[in-house]
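What follows is a single structure, written as structure tokens, with notes after it.
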Amino acid sequence: TKPVYHVAFLSKILKILRCVCFYCSKLLIDPNDQKIIDIMKKTKGQYRRRLAYLFDACKGQKICKGSENENRSEVTIKYSGGCGRIQPKYRRSGLDVYVEWKEAQDENQERKMKLSAERVLAIFKSIPDNICHLLGMDPRQARPDWMIITVLPVPPMCVRPSVLVFGTARSQDDLTYNLANILKANKTLREDEQRGAASHIFDEHLQYLQYHCATLIDNDMPGMPQSCHKSGRPLKSIKARLKGKEGRIRGNLMGKRVDFSGRTVITPDPNLSIDQVGVPRSIAQNLTVPEIVTPFNIEWLQELIRRNAAKYIIWDTGDRIDLRFHPKPSDLHLQCGYIVERHMMDDDLVVFNRQPTLHKMSMMAHRVKVLPWSTFRLNLSVTTPYNADFDGDEMNLHLPQSVESKAELSQLMTVPRLIITPQSNRPVMGIVQDTLTAVRKMTRRDVFIEKSDFMNLLMFLPSWDGRIPQAAILKPKSLWTGKQLFSLILPKEVNCVRTHSQHPDDEDNGPHKWISPGDTKVLVENGRLLSGILCKKTLGTSAGSLAHIVFMECGHHIAGQLYYHIQLVVNNWLMLEGHSFGIADTITDQQTYETIQATIKKAKNEVNKVIQRTHRDSLELSRGNSLRQTFENMVNGLLNSASDKTGLLAKRSLSDFNQFKAMVVSGAKGSSINISQVIGCVGQQNVEGKRIPFGFKHRTLPHFIKDDYGPEAKGFIENSYLQGLTPVEFYFHAMAGREGLIDTVVKIVETGYIQERLIKAMESVMIKYDGTVRNQFEQLIQFTYGEDGLAGENVEFQSIISLKPSNQLFERLCKFDLSSEEKYLRKFLTDDVIRDLYTNESLQLLDDEWKQLNEDIFNLRQIFPTVIHQKFFYLVI
14 TKPVYHVAFL SKILKILRCV CFYCSKLLID PNDQKIIDIM KKTKGQYRRR LAYLFDACKG
74 QKICKGSENE NRSEVTIKYS GGCGRIQPKY RRSGLDVYVE WKEAQDENQE RKMKLSAERV
134 LAIFKSIPDN ICHLLGMDPR QARPDWMIIT VLPVPPMCVR PSVLVFGTAR SQDDLTYNLA
194 NILKANKTLR EDEQRGAASH IFDEHLQYLQ YHCATLIDND MPGMPQSCHK SGRPLKSIKA
254 RLKGKEGRIR GNLMGKRVDF SGRTVITPDP NLSIDQVGVP RSIAQNLTVP EIVTPFNIEW
314 LQELIRRNAA KYIIWDTGDR IDLRFHPKPS DLHLQCGYIV ERHMMDDDLV VFNRQPTLHK
374 MSMMAHRVKV LPWSTFRLNL SVTTPYNADF DGDEMNLHLP QSVESKAELS QLMTVPRLII
434 TPQSNRPVMG IVQDTLTAVR KMTRRDVFIE KSDFMNLLMF LPSWDGRIPQ AAILKPKSLW
494 TGKQLFSLIL PKEVNCVRTH SQHPDDEDNG PHKWISPGDT KVLVENGRLL SGILCKKTLG
554 TSAGSLAHIV FMECGHHIAG QLYYHIQLVV NNWLMLEGHS FGIADTITDQ QTYETIQATI
614 KKAKNEVNKV IQRTHRDSLE LSRGNSLRQT FENMVNGLLN SASDKTGLLA KRSLSDFNQF
674 KAMVVSGAKG SSINISQVIG CVGQQNVEGK RIPFGFKHRT LPHFIKDDYG PEAKGFIENS
734 YLQGLTPVEF YFHAMAGREG LIDTVVKIVE TGYIQERLIK AMESVMIKYD GTVRNQFEQL
794 IQFTYGEDGL AGENVEFQSI ISLKPSNQLF ERLCKFDLSS EEKYLRKFLT DDVIRDLYTN
854 ESLQLLDDEW KQLNEDIFNL RQIFPTVIHQ KFFYLVI
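To get the working numbering, take the position in the sequence shown, counting from 1, and add 13.
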């Protein structure tokens, strides 16, 4: 009946009222004023900020600008000047807005009055479109008068369903209850108008309508009584249904609970391919796939029903037969057009997901393998993109219900297709854990395999072509190397040059460029591993790794098989070789232990000397630091240096056959820091990036004297994990550990919420058919996706050698001059062939080839003018 304020926009309504004239709806400042021009420049493309700036500019305006010039023309008034009348002050009280004039325009005018929504609507409707732009609104999308409610949309029944209570009575939803109150208030107002009720009664009923419209939208306003049921329970408003984790957006749109899904604990199974998932029988028998009966599958579906491998039959009439409770399912006969809901079977495509789902590789399509027991089984290599481990993690499985969804899964989401991540153009999964340790062991120079074991291992390789390679050693008995066995796994098209994790940099140039004394240069030629020990650098997730090259050269399917075949063969070789890590692997020799102790003692003495120099005030200050900062930096440097030295000593003391070192060197588990802390010393403990601060009065713990700045008193742990920590050292270690845990949790919560909001804000951004990247409003974000339009999966780091040399060097390298090269040609060509080369036709052919090369290098330098001085750059394959 009457307009009312929209409670969510009340503060914005007040801001706009304070920016426009109460009488003529013009802006209080001339739109051509320099202030307004500056604001427009400052907030170009930032509509939300514009109103705040404009509000600040209009704060002191008491009159509608332009009143100074009494003889203004009508044109000036229309386009720039205002009416010149005195403006009221606006004040909000609950759901009401009051206006007050300090100076009255005439004697009859009230100084203070309540501003009705109807009057505000009239003011806002008079605001022209150009002023709407100045107020930070696009009049095509939103106008100020839309903030006043004149009509209220009624949500459909599915949004506010009624509930049956005690069989017959119906309990209505809170929204329905509130809408009924609004209707009643409207009806009362209409009756008041018709019978000419007193103004105070009409105002009271209008207030009642305003209250119910407000509580429909937000029933938790501060300073406002809540709208409640007769029982006293507050009504759930629209805002309460939308906001928060359980609200519509985060609880039902950004993510929701679904049917045809399963969830259970995950466990590893290296005998499954990376694109398979082991599904418990109980889940497979419960989840179903609808199959429409056709002449081509009717016999197969009838057989499934006979074997109790189906759950329901849906007739063409729509009736559903539950086969679990049917006395004789085999007696049921199928007809074309029926739908059979069969159990999940081997090789069905499913979506597998682990939360939090942070990137697209957190949801991938796997082939089902139905297995006994109650956990999902998955290959170890695929745990990396899911960020999964087996300490109790649970994962979700979703079974597609239509042919279209299966087609999408097979063409877009299968694991082999997602091996390369477009985020960084490199593999997102690699060989991990025991397989990686075993590959490093197997590809060493001194590893040989006897004939019986070699034959057995060949039988584990699905891609073996039946040919046995020549043994590396024939007498006294046939022996094959680990490199030969690994070469059988690789596709024949693969060529690769990599280095081992322990490869010395000085070997890249000089006599050992290709043949490394320590076998640290990895060479793969035509699918044969010629030299080098394999480790994480070759089989991990780095760009240019073996899996990356296979993906690029042979396709995703062969790359997926490579992971599976490496694990099958190498794991079974490890069953013969063994890998056992015991306490003996953490114990170093006596001499190394004594050297470590001496290094720590020396560092402590150095620290004491620095403390004495500080007390004597003879410490030289470092640039830009105070005495305390200089002292702390020096002490930290001395202690960290000692920790590094002990770690280096510990690592060098371990033999190449040490199992701890084997895991670290291969990249499977652990690092040099772990070796250092287990054998050498745990080192300095830090809280907030500094040594342990004084917690008591002038000391860290009661075990130390006051003002003790020594290594032990400030958190330096000189013991190793093997020796064990003292109670004081344990306490300091727990402090640093707890800080790490808290930091991790806080960062995860913050980044998680930021990502959630980013996804919501950017969900409409997509690549359109013209190649541009736009959002729902057709706003242009990029002319071409990623500025180059290349798919990240197909981009790799490449070097174009022909870009580097100068024109003279390029000619010397690439131009073939018969007169100067004849002597060289005679080494491998006959006289007849050389004579043929001197014919006009051959010479013309060589000349044309050289011209084409010159043209190509010129065009290439035009395309890549800025990368001539770069060694590598990204190019599509």
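From the three backbone atoms N, C-alpha and C, an ideal C-beta is built for every residue, glycine too.
Quick caveat: nothing in here was measured; it's all calculated off a predicted structure.
As computed with DSSP, proline 281 is found in a beta bridge with Leu391. A buried status is given to lysine 727, since no fewer than 16 other beta-carbon atoms sit within 10 Å of its beta-carbon.
A direct Cα-Cα distance of roughly 28 Å separates histidine 146 from alanine 227.
An exposed status is given to aspartate 404, since fewer than 16 other beta-carbon atoms sit within 10 Å of its beta-carbon. Counting C-beta pairs closer than 8 Å gives fewer than three between the stretch 705-713 and the stretch 750-767, which falls short of the contact rule. Residue range 853-876 is occupied by the alpha helix (DSSP H) that includes aspartate 869. By the neighbour-count criterion, in which 16 or more other beta carbons inside 10 Å mark a residue as buried, isoleucine 50 falls on the exposed side.
With a 10 Å radius around the Cβ and a threshold of 16 neighbouring Cβ atoms, leucine 858 comes out exposed. In this structure, the beta-carbon distance from alanine 616 to alanine 655 falls below 7 Å.
For tryptophan 586, the enclosing alpha helix (DSSP H) starts and ends at 569-590. Under DSSP, arginine 276 takes part in a beta bridge, and its partners are Asn409. For histidine 146, the enclosing alpha helix (DSSP H) starts and ends at 142-147. Annotated three-state conformation of proline 340 is coil, per DSSP. Taking the C-beta atoms as reference points, leucine 667 is found nearer than 7 Å to lysine 674. The Cβ atoms of leucine 314 and valine 353 sit closer than 7 Å to each other. Under the three-state reduction of DSSP, cysteine 509 is assigned to strand. Scanning Glu204, Met588, Pro168 for the CA closest to the CA of aspartate 187 turns up Pro168. With a 10 Å radius around the Cβ and a threshold of 16 neighbouring Cβ atoms, glutamate 116 comes out exposed. Per DSSP, lysine 773 is one residue of the alpha helix (DSSP H) stretching across 740-775. Minimum Cα-Cα distance from glycine 268 among the listed residues Arg173, Ile772, Gly595, Met455 corresponds to Ile772. Cβ contact annotation for isoleucine 794 (same chain, cutoff 7 Å, sequence separation greater than five): Val778, Val786, Arg787, Asn788, in chain order.
Glutamine 768 and threonine 370 have their C-alpha atoms some 11 Å from each other. In this chain, the beta strand (DSSP E) harbouring glycine 291 covers 289-293.
Checking the DSSP bridge columns, you'll see histidine 379 partnered with Val363. A direct Cα-to-Cα measurement between leucine 229 and leucine 202 gives close to 18 Å.
Rounded to whole angstroms, the gap between the alpha carbons of isoleucine 305 and aspartate 272 is 20 Å. With a cutoff of 7 Å on beta-carbon distance, serine 631 and threonine 643 are scored as not near each other. In the assembly as shown, threonine 601 is a buried residue. Its beta-carbon has 16 or more other beta-carbons within 10 Å.
Counting of Cβ neighbours within 10 angstroms places leucine 412 among the buried residues, the total reaching 16 or more. For alanine 182, the enclosing beta strand (DSSP E) stretches over residues 182-184. Fewer than three beta-carbon pairs drawn from the stretch 423-438 and the stretch 526-535 are found closer than 8 Å, and the two stretches are therefore not classed as touching. Look at cysteine 241 here: in three-state DSSP terms it is strand. At a cut-off of 3 residues, the continuous stretches assigned as beta strand (DSSP E) that sit fully inside the stretch 461-520 are 461-463, 492-494, 509-512. The three-state secondary structure of leucine 559, taken from DSSP, is helix.
Taking 7 Å as the cut-off, the beta carbon of lysine 419 is found closer than this to the beta carbon of leucine 362. Assignment of serine 106 by DSSP, reduced to helix, strand and coil, places it in the strand class.
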